[in-house]
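S.K.: Got a structure for you, written out below as structure tokens; questions coming shortly.
In mature numbering (1 follows the signal peptide of the UniProt record, and there is no 0), the protein residues as written are -24 to -1, 1 to 483.
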């Protein structure tokens, strides 16, 4: 009987082992999804994984250390917890996340101090001390401001490669003709700047009147800016640009907010990869938050408190990965849908990869998914879950220019409350206390939950190992191998079998 039990245990272990190996092999074949498009990063899902890992670590650190200065926002916690950040400004370049995480800005270069708020009539020969003089220099520069100022541009401000515009410690406003343009450049960081009331610029340096225009550029990071009331877009990323992160911004009072992709005919945008995270899309916005074409777009942990037409839209078969956002629909019953597809019938757009995971829908909002949805192709991108939309208010609490947005600290919409001291439940998977989308939100928020854990059926939640990841599967394989070795040793009393046990743990 004892021998029979050992054989049964051996067979069970072999079954677990073969299933684990088969499952791992299946995942391996579906890791690289939507690669009919020539993405600049060969594994965009790995960038998504890293994003969620950073958020989870920051949230966990905030909970474990009561005296910790952290907010749970990994970008802010990276530098704001340093009491000497003002003398160590360039460490900000280490805090990026998402597709633009490797943007260096002016790191390693000299600090350039803007002391003159004027803008010269001759943009080719600006005065030293002005923003234009610093922006056009060839060498890396970390641009800071001597005092608060309003810079009224006379024509579009071109930023050259390896520059950081760092408005921390001052109240800096950029307004006027053209505003900011990044054209055929790389490694630019724009941080803590108010950009508004931008109008078209004519002449040799023309512009449509965007707040920030990114053309044919890469490794760009726009963080903690406040943008409103521009003639065209607030932030437009077009014409082959990629490796861009747009984070922690506060946008309001505008029609066409954010365009990602120039046109349906511009195939240069097939390689575009953009992260849109921790932004607050505030009052009196109409559409394009963002409007996407061609590429891969990770829209994560944003707060949407108003739109009048739609929030997230696109054309030309973009991949849109919406995770952990809170969408608050307007009262207009005809504008409840978060999404909008343009220039395609249903037979075509139903093949586009648009997914929604962990999003919280409030006031009747709904997201129309399409394409592969929750198929195994998304396994890697899902292997570290985004924090549920109900945590978004805390993550976006300081969106925009730091200390400037009084209207950003509004009462949390129902279902979009901040991180509470013990509300919420964890839904289907038993999430981190105070986070779950089930049980009516978290903390003090009453509102609408997202429907339990947002892992796929059978997946693990926050406190488990990485759901859907190779980590848990690898542990099952190793455990099965170990049990097999023990059984073989017991059955055949093999004197050298113990040596093989050590090899298992080296795998």
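Just so you know, even glycine gets a beta-carbon here, dropped at the ideal spot from N, CA and C.
Owing to the predicted nature of the structure, the values given are computational and were not obtained by experimental measurement.
(1) Report the rounded CA-to-CA distance for residue 50 versus residue 184, giving the unit in angstroms.
(2) Write down the C-beta distance between residue 494 and residue 291 rounded to the nearest angstrom, noting that I regard them as a contact closer than 8 angstroms.
(3) When we look at the beta-carbon of residue 217 and count the other beta-carbons within 10 Å, is it buried (16 or more) or exposed?
(4) If I follow the unbroken beta strand (DSSP E) through residue 108, where does it start and stop?
(5) With 16 as the cutoff for other CB atoms within 10 Å, does residue 241 come out buried or exposed?
(6) Beta-carbon separation of residue 199 and residue 223 under 7 angstroms?
(7) Given this structure, state the Cα-to-Cα distance separating residue 156 from residue 119, to the nearest angstrom.
(8) DSSP three-state call for residue 147: helix, strand or coil?
(9) Kindly indicate which residue of 111, 89 and 90 has the alpha-carbon position closest to the one of residue 99.
(10) Would you list the one or two residues that DSSP bridges to residue 232?
(11) In angstroms with no decimal places, state the Cα-to-Cα distance between residue 247 and residue 270.
(12) The beta strand (DSSP E) with residue 333 in it runs from where to where?
(13) Go ahead and pull the three-state DSSP assignment for residue 371.
(14) Is it the case that the Cβ atoms of residue 257 and residue 280 are separated by a distance below 7 angstroms?
(15) Write down the C-beta distance between residue 245 and residue 202 rounded to the nearest angstrom, noting that I regard them as a contact closer than 8 angstroms.
(16) Considering Cα atoms alone, identify which of 87, 186, 286 and 65 is closest to residue 308.
(17) Can you tell me whether residue 64 is buried or exposed, with buried defined as 16 or more other CB within 10 angstroms of its CB?
(18) Can you tell me where the alpha helix (DSSP H) holding residue 51 begins and where it ends?
(19) Which parts of the segment 189 to 213 are runs of the beta strand (DSSP E), unbroken and 3 residues or longer, counting only runs that do not cross its ends?
(20) Within the same chain, show all residues whose beta-carbon is closer than 6 angstroms to that of residue 66, passing over the 5 residues directly before and after it, in chain order.
(21) Do residue 205 and residue 172 have their beta-carbon atoms positioned less than 7 angstroms apart in this structure?
(22) Looking only at its chain, what residues have a beta carbon closer than 6 angstroms to the beta carbon of residue 278, apart from the 5 residues adjacent to it on each side?
(23) Could you tell me the alpha carbon to alpha carbon distance between residue 68 and residue 259, rounded to whole angstroms?
(24) Please classify residue 372 as buried or exposed, where buried requires at least 16 other C-beta atoms within 10 Å of its C-beta.
(25) I need the straight-line Cα distance from residue 52 to residue 141, nearest angstrom please.
(26) Would residue 285 pass as an interface residue toward chain C - the criterion being a Cβ-Cβ separation below 7 angstroms?
(27) What is the C-beta distance between residue 298 and residue 331, in whole angstroms, given that I count them as a contact (C-beta under 8 angstroms)?
(28) Are residue 168 and residue 79 closer than 7 angstroms when you measure CB to CB?
(29) Could you please give the first and the last residue of the uninterrupted alpha helix (DSSP H) stretch that includes residue 61?
(30) Taking DSSP as the reference, what is the three-state secondary structure of residue 339?
(31) Just tell me which of 293, 336 and 275 has its CA closest to the CA of residue 323.
M.R.: Let me lay it out:
(1) Numbered from 1 along the chain shown, position 74 holds the residue referred to as residue 50. Numbered from 1 along the chain shown, position 208 holds the residue referred to as residue 184. Straight-line Cα distance between these residues: approximately 34 angstroms.
(2) Nothing about residue 494 can be read from this structure; the chain reaches only from -24 to 483.
(3) Start at 1 with the first residue of the chain shown, and residue 217 comes out as number 241. The residue is buried, with at least 16 neighbouring Cβ atoms inside 10 Å.
(4) Locating residue 108 in the chain shown gives position 132, counting from the first residue. No beta strand (DSSP E) contains residue 108, which is instead part of the alpha helix (DSSP H) from 107 to 111.
(5) Residue mapping note: residue 241 aligns to position 265 of the chain shown, counting from 1. So residue 241 ends up on the exposed side.
(6) In the chain shown, residue 199 corresponds to position 223, counting from 1. In the chain shown, residue 223 corresponds to position 247, counting from 1. Cβ atoms of residue 199 and residue 223: closer than 7 angstroms.
(7) Here residue 156 refers to the residue found at position 180 of the chain shown. Here residue 119 refers to the residue found at position 143 of the chain shown. A straight line joining the alpha-carbon of residue 156 with that of residue 119 spans about 14 angstroms.
(8) On the chain shown, residue 147 is found 171 positions in, with the first residue counted as 1. In the structure shown, residue 147 sits in coil (DSSP, three-state: anything other than H, G, I, E or B).
(9) What you label residue 99 is simply residue 123 of the chain shown in a count that begins at 1. Residue 99 has its Cα closest to that of 111, out of 111, 89 and 90.
(10) Counting from 1 along the chain shown, the entry for residue 232 is found at position 256. According to DSSP, which records beta bridges pairwise, residue 232 is partnered with 263.
(11) Position 271 of the chain shown, counted from the start, is the residue given in the question as residue 247. Position 294 of the chain shown, counted from the start, is the residue given in the question as residue 270. Annotation: residue 247 to residue 270 spans about 8 angstroms, alpha carbon to alpha carbon.
(12) Mapped onto the chain shown, residue 333 falls at position 357. In the DSSP assignment, residue 333 falls within the unbroken beta strand (DSSP E) covering 330 to 333.
(13) Looking up residue 371 in the chain shown gives position 395. Judged by DSSP in its simplified three-state form, residue 371 adopts helix.
(14) Here residue 257 corresponds to residue number 281 of the chain shown, with the count starting at 1. Here residue 280 corresponds to residue number 304 of the chain shown, with the count starting at 1. Yes, Cβ-Cβ distance for residue 257 and residue 280 is below 7 angstroms.
(15) The residue labelled residue 245 in the question sits at position 269 within the chain shown. The residue labelled residue 202 in the question sits at position 226 within the chain shown. That pair is no contact at about 27 angstroms.
(16) Along the chain shown, one-based indexing puts residue 308 at 332. When only C-alpha atoms are compared, the closest one is 286.
(17) Start at 1 with the first residue of the chain shown, and residue 64 comes out as number 88. Residue 64 should be labelled exposed.
(18) Position 75 of the chain shown, counted from the start, is the residue given in the question as residue 51. Segment 50 to 55, the alpha helix (DSSP H) holding residue 51.
(19) As far as the segment 189 to 213 is concerned, its whole beta strand (DSSP E) runs of at least 3 residues are 194 to 199 and 202 to 204.
(20) For the purposes of this step, residue 66 is taken as the residue at position 90 of the chain shown. Same-chain partners within the cutoff: 83 and 118.
(21) Against the chain shown, residue 172 aligns to sequence position 196. Against the chain shown, residue 205 aligns to sequence position 229. Going by C-beta atoms, residue 172 is nearer than 7 angstroms to residue 205.
(22) Residue 278 sits at position 302 when you count from the first residue of the chain shown. These residues qualify, in order along the chain: 255 and 301.
(23) Numbered from its first residue, the chain shown carries residue 68 at position 92. Numbered from its first residue, the chain shown carries residue 259 at position 283. Whole-angstrom Cα-Cα distance: 29 angstroms.
(24) Working through the chain shown from its first residue, we reach residue 372 at position 396. Looking at its Cβ environment, which holds 16 or more other Cβ atoms inside 10 Å, residue 372 is buried.
(25) On the chain shown, residue 52 is found 76 positions in, with the first residue counted as 1. On the chain shown, residue 141 is found 165 positions in, with the first residue counted as 1. So the alpha carbons of these two residues sit roughly 17 angstroms apart.
(26) In the displayed structure, chain C is absent; only one protein chain is listed.
(27) Here residue 298 refers to the residue found at position 322 of the chain shown. Here residue 331 refers to the residue found at position 355 of the chain shown. Yes, they are in contact, since the Cβ atoms of residue 298 and residue 331 sit about 7 angstroms apart, within 8 angstroms.
(28) The residue given as residue 168 occupies position 192 in the chain shown. The residue given as residue 79 occupies position 103 in the chain shown. Taking 7 angstroms as the Cβ cut-off, residue 168 and residue 79 do not qualify as a contacting pair.
(29) One-based indexing of the chain shown puts residue 61 at position 85. Neither: residue 61 is in no alpha helix (DSSP H) and is coded neither H nor E.
(30) Translated into positions along the chain shown, residue 339 becomes position 363. In the structure shown, residue 339 adopts coil according to DSSP, grouped into three states.
(31) Within the chain shown, numbered from 1, the residue matching residue 323 stands at position 347. Between residue 323 and the set 293, 336 and 275, the nearest pair of CA atoms involves 293.
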